[in-house]
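Colleague: Sharing a structure with you now.
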Amino acid sequence: MCGIVGSIGRGNDTVDVLMDGLRSLEYRGYDSAGIALGPELQVLRKSGELDALTEVVDANDPTGTYGIGHTRWSTHGPPTDANAHPHTDENGRVAVVHNGIIENYAELKRELEAEGITFSSDTDTEVVPHLIAQRLADGVDAETAFHETVDRLEGSYAIAAIIDGEEAIYAARQGSPLVVGVGDSCTYLASDVPAFVEHTRDVIYLEDGQRVRADADGYTIFDDDREPVEVSIETVSYTAEETGKSGYDHYMLKEIHEQPTALRQCFSGRADALEGTISLEEVDEIPQPDAVQFVACGTSYHAALYGASILREMGIPAEAYLASEYALSPPPLSLGTLVVGITQSGETADTLAALRDAQSRGVTTLALTNTVNSTAARECDHAVYIRAGPEIGVAATKTFSSQLVGCNLLAEELVEGQRDLRPLIESLRGLPDDVQSILDSSAAASLVDDYADSDAYFFIGRGTNVAVALEGALKCKEISYEHAEGFPAGELKHGPLALVTPETPVFAVVIGDDERAQKTLGNIKEVQARGAPVIAVTDGESAADEIADETLMIPETSERAAPVLANVQLQLFSYHLADELGRPIDKPRNLAKSVTVE
Amino acid sequence: MASTTANPLTSAVVLAAGEGVRLRPLTAKRPKPMLPAGTQPILEYVLDALIDAGVTDIHLIVGYHANRVRSHFGSTYRETPITYHTQTNQLGSGHALMQARDGPSGSFLLVNGDQVIDSEIVEAVSTAHDTTATLSIVEGAEADSYGAVRVAEDEITTLTEQPASGEFRLFNAGVYAFTQQIFETLETLSVDRGELPLTDAIQALIDDETQTVSGVRTDSFWMDATHPWDLLSLARELLGRGWVEPSADNDGCYVADTAHIHPDATLVGPVVVDSDAVIEAGAVVGPYAAIGSSATVGAGTVLRDVVVDTDTTIGPNTTATDLVVGQGCDIGAGLTAAGNPTEVVLNGAVYSDIDLSGVLADRVEIGGGATLEPGTLVGPDATIGDGVVARGRIDGGSEVVR
Chain A
1 MCGIVGSIGR GNDTVDVLMD GLRSLEYRGY DSAGIALGPE LQVLRKSGEL
51 DALTEVVDAN DPTGTYGIGH TRWSTHGPPT DANAHPHTDE NGRVAVVHNG
101 IIENYAELKR ELEAEGITFS SDTDTEVVPH LIAQRLADGV DAETAFHETV
151 DRLEGSYAIA AIIDGEEAIY AARQGSPLVV GVGDSCTYLA SDVPAFVEHT
201 RDVIYLEDGQ RVRADADGYT IFDDDREPVE VSIETVSYTA EETGKSGYDH
251 YMLKEIHEQP TALRQCFSGR ADALEGTISL EEVDEIPQPD AVQFVACGTS
301 YHAALYGASI LREMGIPAEA YLASEYALSP PPLSLGTLVV GITQSGETAD
351 TLAALRDAQS RGVTTLALTN TVNSTAAREC DHAVYIRAGP EIGVAATKTF
401 SSQLVGCNLL AEELVEGQRD LRPLIESLRG LPDDVQSILD SSAAASLVDD
451 YADSDAYFFI GRGTNVAVAL EGALKCKEIS YEHAEGFPAG ELKHGPLALV
501 TPETPVFAVV IGDDERAQKT LGNIKEVQAR GAPVIAVTDG ESAADEIADE
551 TLMIPETSER AAPVLANVQL QLFSYHLADE LGRPIDKPRN LAKSVTVE
Chain B
1001 MASTTANPLT SAVVLAAGEG VRLRPLTAKR PKPMLPAGTQ PILEYVLDAL
1051 IDAGVTDIHL IVGYHANRVR SHFGSTYRET PITYHTQTNQ LGSGHALMQA
1101 RDGPSGSFLL VNGDQVIDSE IVEAVSTAHD TTATLSIVEG AEADSYGAVR
1151 VAEDEITTLT EQPASGEFRL FNAGVYAFTQ QIFETLETLS VDRGELPLTD
1201 AIQALIDDET QTVSGVRTDS FWMDATHPWD LLSLARELLG RGWVEPSADN
1251 DGCYVADTAH IHPDATLVGP VVVDSDAVIE AGAVVGPYAA IGSSATVGAG
1301 TVLRDVVVDT DTTIGPNTTA TDLVVGQGCD IGAGLTAAGN PTEVVLNGAV
1351 YSDIDLSGVL ADRVEIGGGA TLEPGTLVGP DATIGDGVVA RGRIDGGSEV
1401 VR
């Protein structure tokens, strides 16, 4: 997964437009980057973060009136200068950037090598410029050469290419995101809208199979039969500055603090507190499903665990599946099953594959996503938006909170029957202020002094708080690089307890004072007996705060809303731990924001 | 005579770093610019005025609880980019302005983030600015509470903070335009009294014969809140002018689309009910009530002359007038809070004849059947039990039981 940009019609601003675009796509990958400029083809690329490329650009002062650019997250070949995009053919006539995986590249490479072509990188991408160059050498025109090359590619890709002396950019989409920005006498291309939103908000979301030719006069969109097609231009509402850090040290901290607003937006207009009803107009015609299968990855999978848990409590058989497993080992399902994909970006390749598998088996699919018009939103039968606003930090924070609220709204909409939802609505409406009160007074930062040099961090909980424990551990490992694991509290004694020592703090999520809370208190004593310090994340209903060594308090609320609050405390701990350890919080090593490769 | 320039200024610096000590206990967890003017933060009105006057580049100086400002506005407001500058120690308005030294490049506007202003004042200062500094000047009896000025032609000859004598009629309304000279002048001044007020720098400019400080007279609306009860008169003024969001006017009732008003509830204009707020059956709200986003007014509750901030729940059968309620409060059934002119003691000073039943800071919890005696000030996170008759000052975090 990588980020692509392209720009034509901006004259001497082209280099700046491309570099700014790459900067805003850095969250998609950042182990190498490059640009290619025309009409006199020139390629600059560099391994490392974008700053390394910036130095190269500053030193070379390249000129060009159109071009393409790329920021890379390695899938094929290590992050080296040679593997950085753009890739060119042997004569340097064709430059190509690519996001995704070309599945038949080995076969194409063998064929090209047999014809005497020398490859200079380990990437799957490099077959593309060679194929285009080969067709050009055969005497076909540039546009035909591009179409014929794309026809031969299998797999998932978004590709952009420029050819020496041809004042045009060619691009194609198949399975990886690609959007076109329509400006005044200029055209942009990118993997995601933020790359050009400061120049235009008029956007074309390409469909799979579509191709683009953009030149100084405008653009043409083709289908995979090379026939021009009419497409609609949509106007996106958010601005480039909305993705700035607004004075925070990190996007992650900004997004943690945006949670009250995000939760308010997610809930707004979707519940009637007077009537005690919840309605999601996007899905109000879906009948109650016989069963629900959630598919998701990473943080979204933890939201899926929570969603499945609350649906089961309501009497609907529901399970959460890791999307990467689902498509390859699909569980049985009946036609009355609803498959819900949870994906922040709506572009997560594994989740898309799982949803497509479900769709191929004839069931109804639904996307719970933050990204309007994303692939998941367009491909599924239904889409519910969590309205959290753009999230740039690689570690998901506000979108997880909004996904949990989204799961509640979805569950209440799907499950028929008369219930007085006023207490639930009251607690969900109260979440923004409850989160704000945690942000105002959290003790999480002060724990870091005592626990920053621990061997490992464990997180335990029961019921819906298992999802919180798993998410707390994931956040911790993602950004602090420290070893962290989350467990259902009862599982500790079946193995993981062997890892518990005085050097492994245990975060225990204890909400309310029911049987689950009581049993978790037992688990707290279990680990304390092994010398582990315990940090209770609790509403103070049980004796957890008295037993534990440290306490992170959350306001009292409903059982459904409490996991959101407990998680905010854990987000803050992980953030401050990573900050103390000097980690690159917004761009943790080896990770990227939206994973658009399987 | 200052001639008007064709191009209004496009950069502005906004001072939003201060706590607002006299507005305690409302400012325990947020800076004064984030207190409610009706249902919106005061700072929104300030930024609206700037943007309406043509400003396209906003520099916000933040300090005290800066994250509240950052999280509310983010990187843009009404599509206008905001750059944040952090003032770590609150050492006065001049020191605050210095934090934006690398901000605007040419002449720029400076406004206070805690004072509602009409965009006409900004426009007047912006277009008149052709000297080193331009100040908005208003006339009024309250001159001796502000920075009083003397003006000859359009030039300001004297600036005195809160003069003891009653001889001044003109004063500084807190909207300024400066050239970059202000930064150089500020740099020559020392912070020897523990703070660096902007007025010291303006005084230095007045004293400098090579520089000119001009005044622009205005009679447009501006209003600040000095004490907690001023939020009531501020809301009253804004409601009276219809300067509230949402703007769809229905007999002076400004109700957001996502608000839920029970058919048996009564709104008496002017009143504003913000997004996702709920007014239950039989409630009578207004006149002069500002009900914030996601707030709830319980069944049968009667509210008049109140400011109820975001996320607060007011239980059923409450009667309240002249009451300021912060964010996230939870008030049980049957509260009685009636405002009669009263004496309020705040930070050691005594204020007489104040129409105020009480001020509840953020996240105050009140049980059923409680009473607030006029002028009660309750600190944040305080808990007042069932049936308590509260009076005077109740500290933040404390618990009062009958």
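As you go down the protein sequences, you meet chains A and B in turn. Counting in my numbering, the first sequence runs from 1 upward without gaps. Counting in my numbering, the second sequence runs from 1001 upward without gaps. From the three backbone atoms N, C-alpha and C, an ideal C-beta is built for every residue, glycine too.
Please list the residues of the segment 1065-1087 of chain B that have a C-beta atom closer than 9 Å to any C-beta atom in chain A, keeping them in chain order.
Modeller: Going along the segment 1065-1087 of chain B in chain order, one finds H1065, A1066, N1067, R1068, V1069, R1070, S1071, H1072, F1073, G1074, S1075, T1076, E1079, T1080, P1081, I1082, T1083, Y1084, H1085 and T1086 with a Cβ nearer than 9 Å to chain A.
Colleague: Which residue comes first and which comes last in the alpha helix (DSSP H) that contains A/D449?
Modeller: Per DSSP, A/D449 belongs to the alpha helix (DSSP H) from A444 to Y451.
Colleague: Please classify B/P1041 as buried or exposed, where buried requires at least 16 other C-beta atoms within 10 Å of its C-beta.
Modeller: It is buried - the Cβ of B/P1041 has at least 16 other Cβ atoms within 10 Å.
Colleague: Go ahead and label B/V1216 buried or exposed: buried means 16 or more other beta carbons lie within 10 angstroms of its beta carbon, across all protein chains shown.
Modeller: Result: buried.
Colleague: For a test of the three-state rule: what should DSSP assign to B/H1129, helix, strand or coil?
Modeller: In this structure, B/H1129 counts as coil in the three-state DSSP scheme.
Colleague: How far does the beta strand (DSSP E) with A/Y66 in it extend, from its first residue to its last?
Modeller: Y66 to R72 is the span of the beta strand (DSSP E), which, as asked, contains A/Y66.
Colleague: Identify the continuous alpha helix (DSSP H) that holds A/L410 and give its terminal residues.
Modeller: Unbroken alpha helix (DSSP H) run through A/L410: K398 to L414.
Colleague: If we cut at 8 Å on Cβ distances, does B/T1296 have a partner in chain A?
Modeller: Chain A contact via Cβ: present.
Colleague: Determine the direct distance from the alpha carbon of A/L410 to that of B/P1246, and round the result to whole angstroms.
Modeller: Each residue's alpha carbon lies about 29 Å from the other.
Colleague: Identify, in the order they occur along the chain, each residue of the same chain with its Cβ nearer than 8 Å to the Cβ of A/K46, setting aside the five sequence neighbours on each side.
Modeller: Cβ within range, chain order: S32, A33, G34, A52, L53, E55, V56, D81 and A84.
Colleague: Does DSSP put A/Y481 in a helix, a strand or coil?
Modeller: DSSP places A/Y481 in coil when its eight states are reduced to three.
Colleague: Can you check which of these residues, B/R1363, B/Y1176 and B/G1334, is closest to B/L1015 by C-alpha distance?
Modeller: Cα-wise, what sits closest to B/L1015 is B/Y1176.
Colleague: Rounded to a whole number of angstroms, what is the C-alpha to C-alpha distance between A/A273 and B/D1154?
Modeller: Taking the straight line from one Cα to the other gives about 57 Å.
Colleague: Using a Cβ-Cβ cut-off of 7 Å (strictly less than) and excluding sequence neighbours within five positions of B/S1107, which residues of its own chain qualify?
Modeller: Hits under 7 Å: L1009, H1129, A1177, F1178 and T1179.
Colleague: What separation, rounded to the nearest whole angstrom, lies between the Cα atoms of A/L189 and A/A195?
Modeller: Going by the C-alpha atoms only, they are around 8 Å apart.
Colleague: Using a Cβ-Cβ distance cut-off of 8 Å, determine whether A/R429 contacts chain B.
Modeller: Interface residue, yes.
Colleague: Can you check the segment 464-519 of chain A for any beta strand (DSSP E) of at least 3 residues that lies completely inside it and give the ranges in chain order?
Modeller: Taking only runs of at least 3 residues, the beta strand (DSSP E) segments lying wholly in the segment 464-519 of chain A are 484-488 and 506-510.
Colleague: Identify whether B/R1150 lies in helix, strand or coil by the three-state DSSP scheme.
Modeller: Reduced to three states, the DSSP call for B/R1150 is strand.
Colleague: For A/Q359, which three-state DSSP category applies?
Modeller: If DSSP states are grouped into helix, strand and coil, A/Q359 belongs with the helices.
Colleague: Distance check for A/M252 and A/K245, CA to CA, integer angstroms please.
Modeller: Taking the straight line from one Cα to the other gives about 9 Å.
Colleague: For A/H199, tell me which candidate among A/I8, A/F487 and A/T520 has the shortest Cα-Cα distance.
Modeller: If we check each option's Cα against that of A/H199, A/I8 comes out closest.
Colleague: Exposed or buried, what is B/G1166 when buried is set at 16 or more other beta-carbons lying within 10 Å of its beta-carbon?
Modeller: Under this definition B/G1166 is an exposed residue.
Colleague: In or out: B/P1270 buried (at least 16 other Cβ within 10 Å) or exposed?
Modeller: Label assigned to B/P1270: buried.
Colleague: Taking 8 Å as the threshold (C-beta atoms), are A/N104 and A/G3 in contact?
Modeller: Contact: no.
Colleague: Are the C-beta of B/T1258 and some C-beta of chain A separated by less than 8 Å?
Modeller: So yes, B/T1258 belongs to the interface.
Colleague: Do the CB positions of B/T1318 and B/G1334 come within less than 8 Å of each other?
Modeller: The answer is yes: Cβ separation under 8 Å.
Colleague: Name the chain B residues that come within less than 9 Å of A/P599, Cβ to Cβ?
Modeller: The structure shown does not extend to residue 599 of chain A, since chain A is modelled only from 1 to 598, so the question has no answer here.
Colleague: Taking A/R173 as the reference, give the member of A/D223, A/A323 and A/T538 with the closest Cα.
Modeller: The shortest Cα separation from A/R173 among A/D223, A/A323 and A/T538 belongs to A/D223.
Colleague: Give the residues of chain A in contact with B/V1278, contact being defined as C-beta atoms less than 9 Å apart.
Modeller: Under the 9 Å cutoff, chain A gives D272, A273, L274 and R429.
Colleague: Since A/T261 meets chain B, which of its residues come closer than 8 Å, beta carbon to beta carbon?
Modeller: The contacting residues are S1071 and H1072.
Colleague: Note down, in chain order, each residue of its chain lying with its Cβ closer than 8 Å to the Cβ of A/L280, except the 5 sequence neighbours on either side.
Modeller: Result list for A/L280: R270, V384, L409, L410 and E413, in chain order.
Colleague: With a threshold of 8 Å between beta-carbons, can A/E258 be considered close to chain B, or not?
Modeller: Judged by the 8 Å Cβ criterion, A/E258 is in contact with chain B.
Colleague: Mind checking B/W1222: buried by the 16 CB within 10 Å criterion, or exposed?
Modeller: When all chains shown are included, B/W1222 counts as buried.
Colleague: Taking the Cβ atom as the reference point for each residue, do B/G1147 and B/N1172 lie within a distance shorter than 8 Å?
Modeller: It is a contact, given that the beta carbons lie within the stated cut-off.
Colleague: By alpha-carbon positions, which one of A/D450, A/G417 and A/S402 ends up nearest to A/L428?
Modeller: That would be A/S402, whose Cα lies nearest to the Cα of A/L428.
Colleague: For B/R1393, which of B/P1031, B/G1348, B/T1039 and B/S1105 has the nearest alpha-carbon?
Modeller: Measuring from the Cα of B/R1393, the nearest candidate turns out to be B/G1348.
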